[in-house]
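Novice: 386 is the number of the first residue of the sequence shown in my numbering; add one for each residue after it.
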Amino acid sequence: MPRSPAPFAEIWRGDIAESHHVGHAVICDATGDIVEAWGDPEAIILPRSSAKMIQAMPLVTSGAAEAAGLTSEQLALACASHEGAPIHIDRVAAWLSDRGLSEDDLRCGAQPTRDRALKIHNIKHDIPPNQLHNNCSGKHAGFLTLNQHLGGGPEYHETDHPVQRACLEIFEDLTGMTSPGYGIDGCSAPNFATSMHGMARAMARFASATEADVAGRAMIALREAMMAHPMLVAGEGRACTRLMQAATEPVAVKTGAEGYFTAILPERGFGIAVKCIDGATRGAECAIAALLVRLGAASADHPDVAAFLNPEIPNRRGVKTGEIRPAPGLLA
């Protein structure tokens with residue numbers, strides 16, 4: 386029988402709990418077994434951008450990354466949901482240029498930058514959004530690099546293309562189950578479904594990977610790239626970036642749309658998957674912060690952790706009217 390979602394986060398206004406978020410969360414160890422779970426571990430989900438490090442695996446395991454001489458920064462961008470800030474778009478543009486490609490070769494779609502200064506500049510100078518600004522442009526640069534290596538056609542985002550077939554094969558291997566289906570993501574690439582347990586298992590595989598084989602070396606390279614370049618993975622003020630920077634041990638944290646989060650904890654061999662059922666980012670951010678604190682991988686007192694664990698809710702005059710709190714059963 387499916388299990389009901391568990392309490393994740395409470396929204397307090399004064400002394401009254403005004404609303405709450407619920408969801409599913411799973412922590413797996415290096416064997417793929419569940420260490421702890423909340424809600425339904427077998428709930429089928431779309432991990433959205435939390436799966437980007439898996440989607441980047443064929444880029445490395447195929448030998449395409451080595452052949453192209455990709456750097457750690459570029460591997461981090463392949464896993465990124467970035468802000469479309471200059472530090473992101475300039476690097477993606479240079480990557481494409483190095484491969485003899487351009488923004489026109491991307492299939493992720495144009496998206497306005499979320500970098501405030503660049504947004505103002507673009508509005509003032511009537512510069513329209515382009516595909517480099519898309520938060521997934523790094524992932525798509527990775528797809529294009531893999532596609533050159535495989536010799537596939539230009540529509541690399543299509544589900545039956547060799548690039549996406551390679552992604553599905555490794556997705557099913559790491560999650561330990563046949564994917565029951567897929568949805569088309571915001572960037573037009575397929576996003577394969579799995580269970581909460583399957584996604585946590587995949588993250589634990591990343592956490593416990595060794596240099597013994599090609600897949601292990603690829604997982605190490607990708608997780609290390611994310612941890613080395615947290616600003617490239619997300620950006621200024623973002624939960625992924627701030628939580629990685631604030632962690633008390635090496636941790637790779639990755640957000641996904643509709644309230645999804647994953648985390649890789651190499652020193653423990655643990656993987657975490659979080660899904661906020663109503664798709665609320667604030668609920669998912671609170672939950673992933675709470676689980677990192679629960680495991681001792683982050684301190685609740687660190688301001689960059691508290692910003693998501695217990696963020697204040699101000700009104701339009703800047704007066705604190707309440708706060709978000711993790712559900713008691715999640716934090717301790």
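C-beta: ideal position from N, C-alpha, C; glycine also.
#1: Does the beta-carbon of His-506 have 16 or more other beta-carbons within 10 angstroms, so that it is buried, or is it exposed?
#2: Please classify Asp-686: is it buried, with 16 or more other beta-carbons within 10 angstroms of its beta-carbon, or exposed?
#3: With a threshold of 8 Å, are at least 3 pairs of Cβ atoms found where one atom belongs to the segment 432–449 and the other to the segment 641–649?
#4: When the cut-off is 8 Å and only beta carbons count, does Ala-613 lie next to chain E?
#5: For the alpha helix (DSSP H) that contains Gly-408, what are its first and last residues?
#6: Measuring alpha carbon to alpha carbon, tell me which of Ala-717, Arg-608, Met-581 and Pro-696 ends up nearest Ser-593.
#7: Around the Cβ of Val-704, are there at least 16 other Cβ atoms within 10 angstroms (buried) or fewer (exposed)?
#8: Could you please give the first and the last residue of the uninterrupted alpha helix (DSSP H) stretch that includes Leu-460?
#9: Please report the residue range of the alpha helix (DSSP H) in which Pro-471 lies.
#10: Let me check one thing: in DSSP terms, what residues is Asn-576 bridge-paired to?
#11: Across the segment 626–639 and the segment 480–487, are there enough close Cβ pairs to call them in contact, namely three or more that are closer than 8 Å?
#12: In terms of alpha-carbon separation, which member of Arg-653, Ala-585, Cys-521 and Ala-672 lies closest to Ile-662?
#13: So, Met-562 versus His-409, is the Cβ gap smaller than 8 Å?
#14: If you run the structure through DSSP and keep just helix, strand and coil, what is Ala-720?
#15: Does the separation of the CB atoms of Val-618 and Ala-465 fall below 8 Å?
#16: Going by beta carbon distance, what residues of the same chain come within less than 7 Å of Pro-575, once the five residues before and after it are set aside?
#17: Looking at Val-477: is its Cβ nearer than 8 Å to the Cβ of Ser-447?
#18: Could you name each continuous alpha helix (DSSP H) segment of 4 residues or more that falls completely within the segment 487–573, going from the start of the chain to the end?
#19: CA-CA distance, Met-612 and Cys-493?
#20: Roughly how far, in whole angstroms, is the beta-carbon of Arg-627 from the beta-carbon of Asp-689, given that I think they are within contact range, below 8 Å?
#21: In the DSSP assignment, what residue or residues form a beta bridge with Phe-646?
#22: Where DSSP assigns a beta bridge to Lys-705, which residues make up the other side?
#23: Assuming contact is defined by CB atoms lying nearer than 8 Å, are Val-659 and Leu-676 in contact in what I supplied?
#24: State the start and end residues of the unbroken alpha helix (DSSP H) segment that holds Ala-441.
#25: Hey, out of Leu-559, His-473, Leu-680 and Leu-553, whose CA is closest to Ala-526's CA?
#26: Does DSSP put Ala-632 in a helix, in a strand, or in coil?
#27: Leaving out the 5 sequence neighbours to the left and right, which residues in its chain are closer than 6 Å to Ile-605 when beta-carbon positions are compared?
#28: Considering only DSSP beta bridges, list what Glu-421 is partnered with.
#29: Thinking just about the alpha-carbon of each residue, which of Pro-390, Ile-396, His-614 and Pro-392 is nearest to the one in Glu-697?
#30: Can you give me the start and stop residues for the alpha helix (DSSP H) that Ala-672 sits inside?
#31: Identify every residue that forms a DSSP beta bridge with Ile-396.
#32: Tell me, to the nearest whole angstrom, how far the beta carbon of Pro-711 is from that of Leu-694; I am working on the premise that it is less than 8 Å.
#33: What ranges does the alpha helix (DSSP H) occupy inside the segment 589–636, keeping only unbroken runs of at least 4 residues that lie completely in it?
#34: Should Ala-642 and Gly-583 be called a contact, given that it needs their Cβ atoms to be closer than 8 Å?
#35: Gly-707 and Gly-399: beta carbons closer than 8 Å?
Specialist: Answer, in terms of the structure:
#1: Numbered from its first residue, the sequence shown carries residue 506 at position 121. Exposed: under 16 other Cβ atoms inside 10 Å.
#2: In the sequence shown, the residue the question calls residue 686 occupies position 301. Result: exposed.
#3: yes
#4: Protein chains in the displayed structure number just one, and chain E is not present.
#5: Here residue 408 refers to the residue found at position 23 of the sequence shown. Taken as a continuous stretch (DSSP letters only), Gly-408 belongs to no alpha helix (DSSP H), being part of the beta strand (DSSP E) at 401–413.
#6: Within the sequence shown, the letter at position 208 stands for residue 593. Residue Arg-608 is the option with its Cα nearest to Ser-593.
#7: The residue labelled residue 704 in the question sits at position 319 within the sequence shown. Label assigned to Val-704: exposed.
#8: Against the sequence shown, residue 460 aligns to sequence position 75. From DSSP, the alpha helix (DSSP H) with Leu-460 extends over 457–463.
#9: Numbered from 1 along the sequence shown, position 86 holds the residue referred to as residue 471. Pro-471 -> alpha helix (DSSP H) spans 471–483.
#10: Against the sequence shown, residue 576 aligns to sequence position 191. Answer is Gly-568.
#11: no
#12: For this step, residue 662 is matched to residue 277 along the sequence shown. Taking Ile-662 as reference, the option from Arg-653, Ala-585, Cys-521 and Ala-672 with the minimal CA-CA separation is Ala-672.
#13: Taking the first residue of the sequence shown as 1, we reach residue 562 at position 177. Taking the first residue of the sequence shown as 1, we reach residue 409 at position 24. Against a cut-off of 8 Å, the Cβ pair of His-409 and Met-562 comes out as no contact.
#14: Since the first residue of the chain shown is 386 and the last is 717, residue 720 is not available in this structure.
#15: For this step, residue 618 is matched to residue 233 along the sequence shown. For this step, residue 465 is matched to residue 80 along the sequence shown. For Val-618 and Ala-465, yes; Cβs fall inside 8 Å.
#16: Here residue 575 corresponds to residue number 190 of the sequence shown, with the count starting at 1. So the list reads Thr-544, Gln-549, Tyr-567 and Ile-569, once near-sequence residues are dropped.
#17: Locating residue 477 in the sequence shown gives position 92, where the first residue counts as 1. Locating residue 447 in the sequence shown gives position 62, where the first residue counts as 1. Cβ atoms of Val-477 and Ser-447: not closer than 8 Å.
#18: 501–509, 522–535 and 547–560
#19: As a working mapping, residue 612 is identified with position 227 in the sequence shown. As a working mapping, residue 493 is identified with position 108 in the sequence shown. Cα to Cα, the separation comes out at about 25 Å.
#20: Indexing the sequence shown from 1 puts residue 627 at position 242. Indexing the sequence shown from 1 puts residue 689 at position 304. Going by Cβ atoms, the distance from Arg-627 to Asp-689 rounds to 4 Å, so yes, they are a contact pair.
#21: Numbered from its first residue, the sequence shown carries residue 646 at position 261. Partner(s): Thr-640 and Val-659.
#22: As a first step, residue 705 is located in the sequence shown; it is residue number 320 there, counting from the start. The partner list for Lys-705 (beta bridge, DSSP) reads Pro-699.
#23: Locating residue 659 in the sequence shown gives position 274, where the first residue counts as 1. Locating residue 676 in the sequence shown gives position 291, where the first residue counts as 1. Result yes, Cβ atoms of Val-659 and Leu-676 sit closer than 8 Å.
#24: By 1-based counting over the sequence shown, the position of residue 441 is 56. Careful: Ala-441 lies outside any alpha helix (DSSP H) and carries neither H nor E.
#25: Taking the first residue of the sequence shown as 1, we reach residue 526 at position 141. Among Leu-559, His-473, Leu-680 and Leu-553, the Cα nearest to that of Ala-526 is on His-473.
#26: The count along the sequence shown starts at 1 and reaches residue 632 at position 247. Correct three-state label for Ala-632: coil.
#27: Position 220 of the sequence shown holds residue 605. The residues are Ala-594.
#28: Here residue 421 corresponds to residue number 36 of the sequence shown, with the count starting at 1. Answer is Ile-412.
#29: Taking the sequence shown and counting its residues from 1, the one referred to as residue 697 is at position 312. For the residues Pro-390, Ile-396, His-614 and Pro-392, the minimum Cα distance to Glu-697 belongs to Ile-396.
#30: For the purposes of this step, residue 672 is taken as the residue at position 287 of the sequence shown. Its alpha helix (DSSP H) spans residues 666–679.
#31: Position 11 of the sequence shown, counted from the first residue, corresponds to residue 396. DSSP output for Ile-396 lists Ser-404 and Ile-709 as bridge partner(s).
#32: In the sequence shown, the residue the question calls residue 711 occupies position 326. In the sequence shown, the residue the question calls residue 694 occupies position 309. That belief holds up - the Cβ atoms of Pro-711 and Leu-694 are roughly 6 Å apart, short of 8 Å.
#33: 599–613, 615–618 and 624–631
#34: Stepping through the sequence shown from its first residue, residue 642 is reached at position 257. Stepping through the sequence shown from its first residue, residue 583 is reached at position 198. The Cβ-Cβ distance between Ala-642 and Gly-583 does not fall below 8 Å.
#35: Position 322 of the sequence shown, counted from the first residue, corresponds to residue 707. Position 14 of the sequence shown, counted from the first residue, corresponds to residue 399. Closer than 8 Å, so yes.
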